[in-house]
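Novice:
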Amino acid sequence: MKPLSDRAATAAALTSEAPSSLVLTLGDVAGIGPEVLVKAWARSDLTTWARVVVVGNATVIRRAVERFLSPSERFAVEVVEDLRDDRPARASGPGREVLRCWEPPGVPDTSKVAPATIDPRAGKAAHDWLVAAIDATGAGFFEGIVTLPLHKEALRAGGIEAPGHTEILARRCGLADDHTAMMLYLPPGNRPPKQGLGVIHVTLHCALREVFDQITIPNVERKIALAANGLKPLLGRDHPTGRVRLAVAGLNPHAGENGLFGSEESVILAPAVASARSRGLDVVGPIAADTLFARAVDGEFDGVVAMYHDQGHVALKTLGFDRAVNVTLGLPIVRTSVAHGTAFDRAWPASGPGSARFESLLAAVRVADLLARSRRAAGAAT
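Heads up, the working numbering is the position in the sequence shown plus 212, with the first residue counted as 1.
1) Nearest by alpha-carbon distance to GLN523: which of SER284, LEU396, ARG489 and GLY371 is it?
2) Nearest-angstrom Cα distance between PRO465 and ALA500?
3) In three-state DSSP terms, what is THR392?
4) Identify which residue in VAL292, LEU409, ALA230 and ALA326 has its Cα closest to the Cα of ARG275.
5) Bridge partners of LEU409, per DSSP?
6) The ligand SAH heavy atoms versus the CB of SER233: any closer than 7 angstroms?
7) I think VAL319 touches ALA337, with their Cβ atoms under 8 angstroms apart; what is that distance to the nearest whole Å?
8) Just curious, the beta strand (DSSP E) that ARG286 is in, first and last residue?
9) Taking 8 angstroms as the threshold, find out whether the stretch 544–559 comes into contact with the stretch 437–450 through three or more Cβ pairs.
10) If the criterion is Cβ atoms closer than 8 angstroms, does the pair GLY239 and LEU360 meet it?
11) Which of helix, strand or coil does DSSP assign to THR503?
12) Looking at the secondary structure, which residues open and close the alpha helix (DSSP H) in which SER487 lies?
13) With distance defined between alpha-carbon atoms, name the residue in PRO316, PRO246 and PHE354 nearest to PRO561.
14) Roughly how far, in whole angstroms, is the beta-carbon of ASP534 from the beta-carbon of SER490, given that I think they are within contact range, below 8 angstroms?
15) When the Cα of GLY468 is compared with those of LEU583, ARG368, ALA482 and GLY268, which residue comes out closest?
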C-alpha cells in the first residue's frame, strides 16, 4: 500500500465518496478482540465501504477463524510484508475478502498467550501494534485507525506506563493528555437518541478523588471546543441548525444547587461555558447530569460534556452499549474504537460459538470511514 500522498491524484481519490483506507489494531489477543474481528469480517459488509488492513498476529487471527466461524464462513489471512504493496485484496469465498495482516518487526510473539490471562507479551504487543498504526497513519499509509480493546493491567505488566489507548495516542502524536478527549458516540439509529449523541469527558482514567483537581476553566474550555469540532462532521444533513448543540454537565449533585453542594459549577463550569459562548459556540450549562441526559436523548443536544469517566460512560452505554463508538478528539489523525473492553470472563470459551458481538466494531469502522472522508474533503477544498 503506497502512502496516500504518493498515489495518483485521480478524481476518485480526491472525493469523499472513495473508500477510506483504515488500519485496525488487534488489541489484547487474550480477550474477545480476535473473535469480534473475525465475526465482523465474515458476517458483515465491512470490506465493501472501507479498505482495512489489520495490524496484529496472523497466527492468532487464523486460530480465531477456525475457532469461531463455520466452515462456510472461513476466510484466508495473508501477511502483509510491505505497506507499499498496493495490490487489491483477493477473494476468500463468496462475498469475502482475504484479511490482510501486517506484522511489524520487533513485536512480542503472542501466538502462545493463554486465553483470558494478563500476559506482558500481550500488553506490550497491543501497545506496539498501536504505535505502528499511529506512525503508519501519520506517514500517509492510512487515513484512520480503528482499535480493538487492550487490557490496562497487561499494558502495565508489559512495561507501558500510559493507562490506555487515548493517552498512548496523545503522547505519540506529541500532545499533552489533557489536549485530547475521549468521546463516546452513539450513531443515529432507530433507537433513541435517534439523531445520534456524543459524550465528551473532561477527565478520564484517574481516581475519582483526583477529578476535582483536573476540573479547571482551561481544561473544560478545551473539552467544549474539542466536542464542537469533533461532532461537526457527524451531524446529519437534516440537522435542525447545522451547528453542534452542546450542554455541560454539573460536577456535583443537582449541579451544586446554588452552592449548597459545591462551588465548582459557579466558580469553574459557568465561566468556562460563558467563555465558549463568547467564541460563538452553541453551549449551555452547567446542568444537573440526572436530567441533562434525558434532554439529550430527546434530541435537545448533540453532545454532552461530562466531568468524569463514569458520569459519561454509564449514561451512554446504558443507551446503546452494542453500537457505541469511542472517538479520540484533538488528534491530527482519525481514531475510533469499540466501546467495550477485553471481556476476559467470556473470551476464548472452551466450547460453543463464543458470545462476543461485533456491532460496536462495525460502528467504529463506519464512523472512522466518515471522519476520514470528511478530513479528505476538507483537505481537497483547501
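Where a beta carbon is used, it is the ideal one built from N, C-alpha and C, also for glycine. What you are looking at is a predicted structure, and each value in this text was computed from that prediction instead of being measured.
Specialist: By the coordinates alone:
1) LEU396
2) 7 angstroms
3) coil
4) ALA326
5) LEU398
6) No copy of the ligand SAH occurs in the structure displayed, which carries no ligand at all.
7) 5 angstroms
8) Unbroken run through ARG286: none, as it is neither H nor E.
9) no
10) yes
11) helix
12) 482–490
13) PRO246
14) In fact, because the Cβ distance is near 39 angstroms, the residues do not count as touching under 8 angstroms.
15) ALA482
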